[in-house]
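Colleague:
Residue numbers (UniProt numbering): 1 to 297.
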């Protein structure tokens, strides 16, 4: 039955995609994997060892025989347009597309490309990073949060009994905005070119808290139910993190790749303007991130 054993594809075998592929492979549900590079296999390292996911990574959309029940999209939002041929081949109106991406605008961003499929947003709660040898290092237990929708059961069925925990929330908007606040303040790491240890500086802690309070005001205007304690909780999380913990936007900056500045940071400025909320810190951070991503210079 589709509900119990959906056919599963994954686009984007990066850090997050490899983690999901490995979790599925470990329980005998290896997805078909699609990407730009034809890797022979994927490797996920974790505290207990490693998982090898056999290839190939398929690179030719025209070779897809039929649409899939469930498609995980694990590419960054800067790469969505480039995935259009895969999405067109893998999706139809019966497909559920689970967006393993940052931001609070996932359905709107993917809708033009998914051939009428339902886009299911998610919040990804695990640090996974690509290593120089192309393996992925998973530094914590993987967990996803999904909204309570009729389509959510398909992802739950696919990931049942895997190492990836799936939580379902009746207030998904609040959780998504909380994660966005965490991602937004991580953008400061790009401007400093430093990892999580930088948050131990009192001046960075003060800046981070001010920025997070600005973001919190915008999130509440958008309907998120978040307490006054959230900025301090997020900063405390960075204080507890390994000093060498990076973030995907920092890795992209150091590799001179386009940055997800708009959906992680620009979104706060954009919605602030919609609600006539002053965003003075965003008004400095966003142009600097945009210039670091797109130039010129």
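Glycine included, each C-beta is placed from N, C-alpha and C at the ideal position. For clarity, every value in this text was computed on a predicted model and none was experimentally measured.
1. Per DSSP, which one or two residues make a beta bridge with residue 98?
2. If we call anything under 7 Å between Cβ atoms a contact, is residue 174 one with residue 225?
3. Jot down the residue ranges of each uninterrupted alpha helix (DSSP H) in the UniProt domain "Ketopantoate reductase N-terminal" (8 to 149), minimum 4 residues, whole runs only, in chain order.
4. Within the continuous beta strand (DSSP E) that includes residue 234, where are the two ends?
5. If you draw a straight line from the C-alpha of residue 213 to the C-alpha of residue 189, how long is it?
6. In chain order, what residues of the same chain lie with their CB nearer than 7 Å to the CB of residue 27, ignoring the 5 residues before and after it?
7. With 16 other CB atoms within 10 Å as the buried threshold, where does residue 96 fall?
8. When you compare each of 51, 50, 32 and 56 to residue 40 by their alpha carbons, which one comes out closest?
9. Note the first and the last residue of the continuous alpha helix (DSSP H) segment covering residue 294.
10. Hey, how far is the Cα of residue 32 from the Cα of residue 241?
11. Quick check: the Cα distance between residue 221 and residue 112, rounded to an integer number of angstroms?
12. What does DSSP give as the partner residue(s) for residue 165 in the beta ladder?
Modeller: The answer reads as follows:
1. On the chain shown, position 98 is the one that residue 98 refers to. Residue 98 is bridged by DSSP to 72 and 120.
2. Here residue 174 corresponds to residue number 174 of the chain shown, with the count starting at 1. Here residue 225 corresponds to residue number 225 of the chain shown, with the count starting at 1. Contact: yes.
3. With a minimum length of 4 residues, the unbroken runs of alpha helix (DSSP H) contained wholly in the UniProt domain "Ketopantoate reductase N-terminal" (8 to 149) fall at 15 to 26, 84 to 90 and 106 to 110.
4. Taking the chain shown and counting its residues from 1, the one referred to as residue 234 is at position 234. Taken as a continuous stretch (DSSP letters only), residue 234 belongs to no beta strand (DSSP E), being part of the alpha helix (DSSP H) at 230 to 240.
5. The count along the chain shown starts at 1 and reaches residue 213 at position 213. The count along the chain shown starts at 1 and reaches residue 189 at position 189. The straight-line gap separating the alpha-carbon atoms of residue 213 and residue 189 is approximately 18 Å.
6. To locate residue 27, count along the chain shown from 1; it is residue 27. Sequence-distant Cβ neighbours of residue 27 in its own chain, meaning closer than 7 Å and more than five residues away, are 161 and 162.
7. For this step, residue 96 is matched to residue 96 along the chain shown. Burial call: buried.
8. Indexing the chain shown from 1 puts residue 40 at position 40. Cα-wise, what sits closest to residue 40 is 56.
9. One-based indexing of the chain shown puts residue 294 at position 294. Start and end: 282 to 294.
10. Position 32 of the chain shown, counted from the start, is the residue given in the question as residue 32. Position 241 of the chain shown, counted from the start, is the residue given in the question as residue 241. Whole-angstrom Cα-Cα distance: 34 Å.
11. The residue given as residue 221 occupies position 221 in the chain shown. The residue given as residue 112 occupies position 112 in the chain shown. C-alpha separation (whole angstroms): 27 Å.
12. By 1-based counting over the chain shown, the position of residue 165 is 165. Per DSSP, the beta-bridge partners of residue 165 are 143.
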